[in-house]
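Report on the structure given below.
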Amino acid sequence: DRRLTRMELESLPERYAAFDQDGDGGLTPSELPLVVELNLQRNEPGLALLRNAPMGPMATGQDPADWFSAMDVNADGVVDLDEFLGETTDFQQLDADSDGFISRREVYQVEPGNGD
Numbered sequence: 006d007r008r009l010t011r012m013e014l015e016s017l018p019e020r021y022a023a024f025d026q027d028g029d030g031g032l033t034p035s036e037l038p039l040v041v042e043l044n045l046q047r048n049e050p051g052l053a054l055l056r057n058a059p060m061g062p063m064a065t066g067q068d069p070a071d072w073f074s075a076m077d078v079n080a081d082g083v084v085d086l087d088e089f090l091g092e093t094t095d096f097q098q099l100d101a102d103s104d105g106f107i108s109r110r111e112v113y114q115v116e117p118g119n120g121d
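Using the numbering used here, the letters of the sequence shown map in sequence onto residues 6 to 121.
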């Protein structure tokens, strides 16, 4: 919980003693274990309903404008691969002109395989 209780504070000398390899009563950087914590999270509004779902407004049943707005995280008018939550193959299918971006025009097109 990232808070130290009185009991945890009182146990610190014992815990640190286990790391004091040379027994000098102090800790050097080489005596401390290397801990690396990486926490990545994308918490943009509207993206949760797109996660782990078929990509594309037709597949999700969403209005294309809502789908596009949710995907266009930086609101620059296009969805690039960094913003896209689906697979690269889904992105390439929606990027009809293969310019590396999904535009509003491409979103409003009928998706391949729908007979149009």
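Cβ atoms here follow ideal geometry from the backbone N, Cα and C, with glycine treated the same way. Computed from a predicted model, the values in this text were never measured in an experiment.
Given P50, which residues of its chain have a CB within under 7 Å of its CB, disregarding the five upstream and five downstream residues? Any reading at P50 must be qualified, since the residue scores a pLDDT of 46, below 50, and its modelled position is unreliable; no value is offered.
Flag this pair as yes or no: are the beta carbons of E13 and F24 separated by less than 9 Å? no
Do the CB positions of D95 and F89 come within less than 9 Å of each other? yes
Look at the alpha carbon of T93 and the alpha carbon of L39, and state the distance between them as a whole number of angstroms. Rounded to whole angstroms, T93 to L39 spans 35 Å at the Cα level.
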